[in-house]
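Residue numbering for the sequence shown is 92 to 199, as defined by this note's numbering. We put the beta carbon where it would ideally sit given N, CA and C, even for glycine. Step one of this worksheet: look at the structure below.
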Amino acid sequence: MTGEIEINPEGIIDAGDDILAAAQRIRSAVAAFNAELAAFGAPWGGDDLGSLIGMVYETIRDLAMETYDANVVEIEDIGKLSRVMGMNYQETERAIAEHLGRLREMLG
Numbered sequence: 092m093t094g095e096i097e098i099n100p101e102g103i104i105d106a107g108d109d110i111l112a113a114a115q116r117i118r119s120a121v122a123a124f125n126a127e128l129a130a131f132g133a134p135w136g137g138d139d140l141g142s143l144i145g146m147v148y149e150t151i152r153d154l155a156m157e158t159y160d161a162n163v164v165e166i167e168d169i170g171k172l173s174r175v176m177g178m179n180y181q182e183t184e185r186a187i188a189e190h191l192g193r194l195r196e197m198l199g
């Protein structure tokens with residue numbers, strides 16, 4: 092082992108794309124789940140106990156959906172930042188190659 096680290100910028104960009112695709116699949120699954128929950132209506136009824144159950148359910152559902160959404164946003168941010176990191180590595184490699192080319196020309 093030489094202790095060298097090899098970085099694959101394209102692989103990092105591809106991983107970012109995969110992360111973004113996974114976030115979209117999660118977002119779609121959560122939306123479908125929320126629609127399925129809404130389709131049940133209010134099966135607990137409208138009496139006093141049913142109203143209390145409905146309030147608790149709605150609070151928990153809203154909190155869960157907000158949490159799912161916040162988590163998807165974080166996952167999307169990770170995907171976007173992975174893409175930026177890969178592109179930064181690409182640009183750095185390009186700049187280094189350009190500068191080395193100029194140095195070679197200067198040295199003859």
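So for residue i, helix, strand or coil by DSSP?
i	result
alanine 133	coil
glycine 199	coil
aspartate 138	coil
Following the continuous alpha helix (DSSP H) through residue i, name the residue where it begins and the one where it ends.
i	result
glutamate 97	Element bounds for glutamate 97: n/a, residue is neither H nor E.
Alpha carbon to alpha carbon, how far is residue j from residue i? Give it in angstroms, no decimals.
i	j	result
glycine 137	methionine 156	24 Å
isoleucine 103	leucine 154	33 Å
glutamate 182	glutamate 101	12 Å
leucine 140	glutamine 115	38 Å
tyrosine 159	methionine 146	20 Å
leucine 194	alanine 186	12 Å
threonine 150	isoleucine 144	10 Å
glutamate 196	glutamate 184	18 Å
valine 164	alanine 126	20 Å
phenylalanine 131	glycine 170	35 Å
tyrosine 180	alanine 123	38 Å
serine 142	isoleucine 117	31 Å
alanine 120	glutamate 167	15 Å
Chain D beta carbons: is any one of them nearer than 9 Å to that of residue i?
i	result
alanine 122	Within the model displayed, chain D is absent; a lone protein chain is all it includes.
field: Contact between the segment 173-181 and the segment 105-116 (3+ Cβ pairs under 8 Å)
entry: yes
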